[in-house]
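Report on one structure; see the data block that follows.
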Amino acid sequence: MIKDQLTEAVTEALSALGVDPVPDTMVVERPARREHGDWSTNAALVSSKAAGRNPRELARELVDHLDTPRPPHVEAMEIAGPGFVNFRLAPTWLHDVLVEVVEKGEGDFTRLNLGRGKTVNIEFVSANPTGPIHAGGGRWGAYGDSLARVMARCGYRPHKEFYINDRGRQTVLFGQSLEARRNGEEPPDGGYAGAYIEEWAAEMPDGADPVAWGIERSLADARQVLESMNVTFDTWSSERALVESGVEADVLDRLKQSGLVYERDGATWLRTTEFGDNDDRVLVKSDGDYTYFTPDIAYHLDKYNRGELLIDILGSDHHGYAPRMRAALRALGKPEDSYEVIIGQFVRLVRHGQEVKMSKRAGNIVEIRDLVDEVGPDVARFAYLLQSIDSPQTLDIDVLSAEAAENPVYYVQYANARIHSLGEEAVKRGVERLPLDQVDLSRLDHERELELLRQLSLLPEVLELACNDRAPHKITTWVRELAATFHGFYRDCPVLRSDVEPELQQARLWLAEGARIGLAIGLDLLGVSAPESM
RNA sequence: GCCCCCGUAGCUCAGUGGAUAGAGCGUCGGUUUCCUAAACCGUGCGUCGCAGGUUCGAUUCCUGCCGGGGGCGCCA
0 MIKDQLTEAV
10 TEALSALGVD
20 PVPDTMVVER
30 PARREHGDWS
40 TNAALVSSKA
50 AGRNPRELAR
60 ELVDHLDTPR
70 PPHVEAMEIA
80 GPGFVNFRLA
90 PTWLHDVLVE
100 VVEKGEGDFT
110 RLNLGRGKTV
120 NIEFVSANPT
130 GPIHAGGGRW
140 GAYGDSLARV
150 MARCGYRPHK
160 EFYINDRGRQ
170 TVLFGQSLEA
180 RRNGEEPPDG
190 GYAGAYIEEW
200 AAEMPDGADP
210 VAWGIERSLA
220 DARQVLESMN
230 VTFDTWSSER
240 ALVESGVEAD
250 VLDRLKQSGL
260 VYERDGATWL
270 RTTEFGDNDD
280 RVLVKSDGDY
290 TYFTPDIAYH
300 LDKYNRGELL
310 IDILGSDHHG
320 YAPRMRAALR
330 ALGKPEDSYE
340 VIIGQFVRLV
350 RHGQEVKMSK
360 RAGNIVEIRD
370 LVDEVGPDVA
380 RFAYLLQSID
390 SPQTLDIDVL
400 SAEAAENPVY
410 YVQYANARIH
420 SLGEEAVKRG
430 VERLPLDQVD
440 LSRLDHEREL
450 ELLRQLSLLP
460 EVLELACNDR
470 APHKITTWVR
480 ELAATFHGFY
490 RDCPVLRSDV
500 EPELQQARLW
510 LAEGARIGLA
520 IGLDLLGVSA
530 PESM
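In terms of numbering that gives the first Met the number 0, the first sequence is residues 0 to 533.
What follows is the structure, encoded as C-alpha cells:
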C-alpha cells in the first residue's frame with residue numbers, strides 16, 4: 000500500500016538524517032486540499048527539535064534524501080507552509096488502487112487485522128421487556144449492530160448480546176397492568192398505561208401468567224422489529240435465568256475475597272470508591288435482597304465467557320452506572336482495559352415541527368415500529384447512523400418520510416442502482432467486460448475518474464478510524480462521499496455511449512465495478528440494503 | 001453542588017493539533033438528441049459559545065465561565 004511505502008521511505012530518510020527514533024506524531028496523510036499534493040507528511044515539523052534544525056531546512060534535506068531513489072509513483076515533492084513535505088503522485092497509484100479493489104472484491108478489499116482475532120462482547124439495546132421499544136432504542140440497535148460489523152471487518156470476533164431484565168418490580172407492574180386491562184380495570188399505581196397494554200391484554204390467552212406472557216410478548220416484538228432493521232443478536236441473556244442459577248452468591252464470595260466488601264447499616268457494600276466511583280454501592284440490601292447491581296456483576300462476569308473485551312452501549316441516562324461496574328470488575332481482577340462503556344446520547348423526535356415527548360408508562364411513545372413503518376428500515380437505520388453517538392440526535396419524522404426522495408440513503412442507493420443499470424445496458428448493447436489484465440487503466444485520467452478512485456483509496460483509513468473510535472458513522476460519511484463522486488463521474492464520463500472509445504469504455508466499466516464494490520462494503524457495514532434498481 | 005455529552009453556515013450535522021473550516025437540506029439560477037434528472041453545476045462576508053493557557057501552530061488539547069440535554073436512591 001502506498002501509505003506504507005511512503006511512511007517507510009520517510010522513516011528511512013529521517014534516520015539517515017540522524018532522527019531516530021522517529022517521533023510517533025509523524026504521519027503520512029492525505030492533505031485536506033488538492034493543491035497540497037496527493038500525500039503529505041509533517042515529518043520535518045515534528046522532528047525539527049530532535050534534528051536541531053529548523054523545519055523547512057530539515058524538510059529540504061528530507062526531500063533531497065527521498066529523491067534518490069524516489070518512492071514509487073512519486074512525481075514531485077514540494078516543501079510547503081511551515082515545513083510540510085507534499086508528494087505529488089502519478090495517477091498510476093490510483094490505477095493500482097482500482098486493481099486492488101476489484102481483485103480483492105467486496106469480501107476482501109479493506110479487511111483489516113486490527114483485532115487479531117480478539118473476541119468482543121457487545122451488549123446493546125437491552126431494553127426492559129415491558130413494552131415495545133421506542134424510537135430512541137433504535138439508535139442503540141443500529142449503532143451496536145454496525146459497530147459489530149465494523150469490528151468484524153477489522154479482525155475482531157464480535158458477539159452481540161441483549162440482556163433481558165425479566166425480573167423485578169417493573170416486570171411485576173407490567174404484568175399487573177396487562178391483567179388489569181384484561182379485566183377492564185385501570186392499571187395499578189405506577190403501572191403501565193400505554194395503548195399497547197390494551198392491545199396486548201386482548202391478545203393474552205386465558206390462564207396465561209401475565210408477567211411471563213408479557214415478557215415474551217415484548218421480546219418477540221423487539222426481536223421482530225430489530226430484525227426488520229437488520230439488527231440481530233447472538234445471545235439473549237435472561238436475568239431471571241441467571242439469578243435462578245444462584246450465581247449471585249458466587250459473585251459475592253469472589254468479591255469478598257477482594258477485601259473490598261463490608262457491612263454497614265445492615266447492608267453489604269462494595270468499596271467501589273477504591274476504583275474511582277463517587278460512592279460505595281450496596282450489594283445486598285438490609286432486607287436481605289440483592290440489589291440489581293449484584294446480578295449485573297454476575298452477568299458481566301458471565302459475558303467474559305463470550306468475549307475477552309466487553310463493550311456496553313448505554314444511554315446517557317445510565318452513564319453513572321459505568322464507574323461502579325468498572326470498579327466491580329477490577330475488584331474481581333479483570334484488566335482495566337477489558338471493559339469499555341460507550342455512552343450514547345438521546346434521540347429527540349420531532350413531528351410537525353414539535354418535539355414528541357416520550358414516556359413508556361404514560362404511553363405516548365413513538366415506537367421504532369412506527370418509525371420503521373413510516374419511513375422504511377433503510378431510511379431509519381441510515382438516519383440513526385448519520386451522526387456521532389456522542390451527539391444528541393434530532394430526527395424529524397416529517398423530513399425522513401415526506402421528503403423521502405431527498406433522503407441521503409437514497410442518494411447512496413441510487414448510485415448502486417445506476418451501476419447495476421449500467422451493467423444491464425452493457426449486456427443489451429452486447430458490450431462485454433474484458434479481463435482486468437487486458438484493460439488499460441491508464442485511460443482513467445479524467446478528474447471525475449480520479450476523484451472516484453481517490454475516494455475508494457480512502458476506505459482503509461476510514462475503516463480503521465471507525466473501528467478504533469467506535470464510530471460507525473464515519474462509514475456513513477464515507478459512503479455518501481463515494482456516492483457523490485460516483486454521481487459526478489456518471490454525469491460527466493459516459494461509459495456505453497457510442498462515441499466512447501472501446502479502451503476507455505473498458506476502463507470505465509471496471510471503475511464502475513470498483514465503485515460498486517465500495518458501495519457494497521460501505522452499505523453492508525451500515526446494515527443497509529443495496530438495491531439493484533430504484 | 002458533583003458527574004457525562006453537546007454548543008461549527010438559516011436548519012440538521014460532519015471534521016478535529018496543522019496549511020484558505022465542509023456536506024445535506026433550504027434559497028436563487030442553470031444542465032438531458034444513446035448508460036435511471038432519486039443526478040450534475042453554480043450560488044454561503046461562519047467571532048468554529050465566551051475568556052485565558054499549552055504549542056512553531058488550537059475550531060481540535062487543558063482550565064474557568066455561559067447555554068442545552070442527561071445523571072447523581074439499600075430503583076433498574
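Heads up, the beta-carbon is just placed ideally off N, CA and C, and yes, glycines get one too.
A contact is defined here as three or more CB-CB pairs under 8 angstroms, and the segment 515 to 524 fails this definition with respect to the segment 431 to 448. Taken through DSSP and simplified to helix, strand or coil, P501 comes out as helix. DSSP places I388 in the coil class of the three-state scheme, outside both helix and strand. For D369 and G352, the gap between their C-alpha atoms comes out near 18 angstroms. Between L495 and V430, the C-beta spacing is below 8 angstroms. Look at H158 here: in three-state DSSP terms it is strand. For the pair A379 and G314, the Cα-to-Cα distance works out to about 19 angstroms. Within a 10 Å sphere around the beta-carbon of D278 sit fewer than 16 other beta-carbons, which makes this residue exposed. If you ignore the 5 residues before and after Q454, its C-beta comes within less than 7 angstroms of the C-beta of E480, L481 and T484, all in its own chain and listed in chain order.
DSSP places V527 in the coil class of the three-state scheme, outside both helix and strand.
Note: V355 is bridge-paired with L348 in the DSSP secondary-structure output. Inclusion of L508 and A425 in the CB contact set at 8 angstroms is warranted, their separation being smaller than that value. Going by beta carbons, V349 and V355 fall inside the 8 angstroms limit. Taken atom to atom, the span from the alpha-carbon of I196 to that of G130 is near 8 angstroms. Classified as buried, N120 has 16 or more neighbouring CB atoms from the shown chains inside 10 Å of its CB.
For N415, the enclosing alpha helix (DSSP H) begins and ends at P407 to K427. Rounded to whole angstroms, the Cβ separation of S47 and V21 is 13 angstroms, and the two are not in contact under 8 angstroms. When the beta-carbon positions are compared, I132 and A221 come within less than 8 angstroms of each other.
When C-alpha distances from Y409 are compared across D377, L433, E60 and V398, the shortest belongs to D377. Per DSSP, the beta bridge partners of W38 are F86. Straight-line measurement puts the Cα of P81 at about 23 angstroms from the Cα of R69.
Between the segment 85 to 93 and the segment 44 to 63 there are fewer than three inter-stretch CB-CB distances shorter than 8 angstroms, so the stretches are not counted as touching. Bounds of the alpha helix (DSSP H) holding L254 are V246 to Q256.
Assigned with DSSP and collapsed to three states, I364 falls in coil, not helix or strand.
Judged by pairs of C-beta atoms under 8 angstroms, the segment 142 to 159 touches the segment 524 to 533, as three or more such pairs exist.
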